[in-house]
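What follows is a single structure, written as structure tokens, with notes after it.
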Amino acid sequence: VISEWLQSRGLDTAFEELPPRDLAVLLRQFYGEAQKDDGTPYAKASHACLRAAIHRHLTGPPFNCKYNIFKDKEFQAANKVYNSVIRQLKRDGIDTSKSYPPILASDITKMFETKTLSVDNPVALQRLVFFYLAFFFCQRGRENLRDFKVGDFIPNTEGGRRYYTLRYYKHQKDHRDHLPGNVQPSPRLYESPNNTRPCPVQAFELYCSKLHNRCPYLFQRPSTQWKPSSPAPWYYGQPVGQNKLGAMMRAISQAAGLSKVYTNHSITCTAIQALDKAASSQPNSASSQPNSASSQP
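1 is the number of the first residue of the sequence shown in UniProt numbering; add one for each residue after it.
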């Protein structure tokens with residue numbers, strides 16, 4: 001989005017090469033002017049996602065910038081503009097966080113404690129992987145999720161820590177026809193083997209090992225005839241329907257008896273909130289930058 005905004009104003013799109021002070025001036029203007037193609041304003045969650053994506057893009061490879069656009073002194077004026085825009089959206093009633101609230105920490109705990117998200121059976125394992133992918137990759141659209149295939153995920157290692165990233169990553173409402181030119185920096189699904197909850201990487205790999213090999217899609221219909229000790233697939237060779245995927249978080253909420261019924265949008269809002277919190281907790285532009293590794297559900 002920021003590259004398109006720069007191009008529309010005849011500015012150099014290589015904003016990654018700017019020194020922090022110059023980048024701060026640019027971001028100050030961008031935060032104040034960013035809007036959809038039809039001229040309508042972005043919602044609060046979209047603004048937060050844009051800022052987080054810019055930060056992730058700058059601090060991740062290949063740029064590996066050491067500054068923090070959330071916290072560093074050079075970006076204070078830009079962030080004042082950002083906060084002013086968010087306040088105006090609330091006054092104008094364009095704050096979608098009220099419609100799609102982040103998932104409460106107590107409800108996240110309950111999803112795991114009730115085994116609604118677990119590795120114990122086909123339904124719980126699929127729900128777990130769905131939640132992790134929606135959280136780490138901020139994917140909520142039915143079409144995006146249904147189109148995922150096992151081969152879309154690439155394993156890698158950084159500092160001895162394993163992770164998966166998407167072969168491509170684009171904003172949710174983009175079309176694949178534009179690949180590879182408009183591919184966005186990909187978020188990562190990191191392992192967390194010492195966590196009390198199932199490790200995202202291990203859960204994803206277990207899930208993939210249980211899929212039916214005659215179906216290329218990642219989300220397949222859970223089998224009703226599975227056996228824990230059997231090497232047979234846990235899933236039928238048929239993709240899950242778009243409507244079922246679109247209502248996945250709703251089903252999880254009801255199965256776990258959560259305090260409210262959440263939608264898939266709420267997972268995205270929760271991820272944005274976690275990333276924003278991770279970035280804001282950084283005291284300065286230390287080498288440790290907030291990303292998928294530091295923002296866990």
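C-beta atoms are modelled at their ideal positions from N, C-alpha and C, and glycine is treated no differently. On a predicted model such as this, the values are computed, not experimentally measured, just so you know.
**Request:** State the CB to CB distance for the pair phenylalanine 219 and leucine 128, rounded to an integer number of angstroms; the pair is presumed to be in contact (CB under 8 Å).
**Result:** The Cβ separation is near 12 Å, so there is no contact.
**Prompt:** With 16 as the cutoff for other CB atoms within 10 Å, does arginine 9 come out buried or exposed?
**Reply:** exposed
**Request:** Report the option in Cys49, Glu16, Asn79 whose CA atom is closest to the CA atom of threonine 59.
**Result:** Glu16
**Request:** For the alpha helix (DSSP H) containing proline 122, list its first residue and its last residue.
**Result:** 122 to 137
**Message:** According to DSSP, is leucine 275 part of a helix, a strand, or is it coil?
**Reply:** helix
**Request:** Kindly indicate which three-state DSSP category arginine 28 falls into: helix, strand or coil?
**Result:** Note: arginine 28 maps to helix in three-state DSSP.
**Request:** Would you kindly report the start and end of the unbroken alpha helix (DSSP H) that includes isoleucine 252?
**Result:** Annotation: the continuous alpha helix (DSSP H) that includes isoleucine 252 extends over 248 to 256.
**Request:** Classify aspartate 120 as buried or exposed, calling it buried when 16 or more other Cβ atoms lie within 10 Å of its own Cβ.
**Result:** exposed
**Request:** Rounded to whole angstroms, what's the CA-CA distance from proline 216 to serine 230? Just pull it up for me.
**Result:** Near 21 Å, if we compare the C-alpha coordinates of serine 230 and proline 216.
**Asked** For isoleucine 154, does the count of other Cβ atoms within 10 angstroms reach 16, so buried, or fall short, so exposed?
**Response** exposed
**Request:** Using the DSSP secondary-structure output, state which residues sit across from lysine 149 in a beta bridge.
**Result:** Tyr217
**Item:** Nearest-angstrom beta carbon gap, tyrosine 163 and leucine 189 [assumed within contact, 8 Å]
**Value:** 6 Å
**Asked** Does the Cβ of lysine 173 have 16 or more other Cβ atoms within 10 Å, making it buried, or fewer, making it exposed?
**Response** Bear in mind that a pLDDT of 40 at lysine 173, under 50, signals an unreliable position, so the number given afterwards is only what the model happens to contain. Flag for lysine 173 reads exposed.
**Request:** Determine the DSSP secondary structure at isoleucine 103, reduced to helix, strand or coil.
**Result:** In this structure, isoleucine 103 counts as coil in the three-state DSSP scheme.
**Item:** Backbone CA spacing between valine 240 and methionine 248 [nearest angstrom]
**Value:** 11 Å
**Item:** Alpha-carbon spacing of leucine 117 relative to valine 81, whole angstroms
**Value:** 40 Å
**Message:** With a threshold of 6 Å on Cβ separation, who are the neighbours of tyrosine 262 within its own chain once the five nearest residues in sequence on each side are excluded?
**Reply:** Ile103, Met249, Ser253
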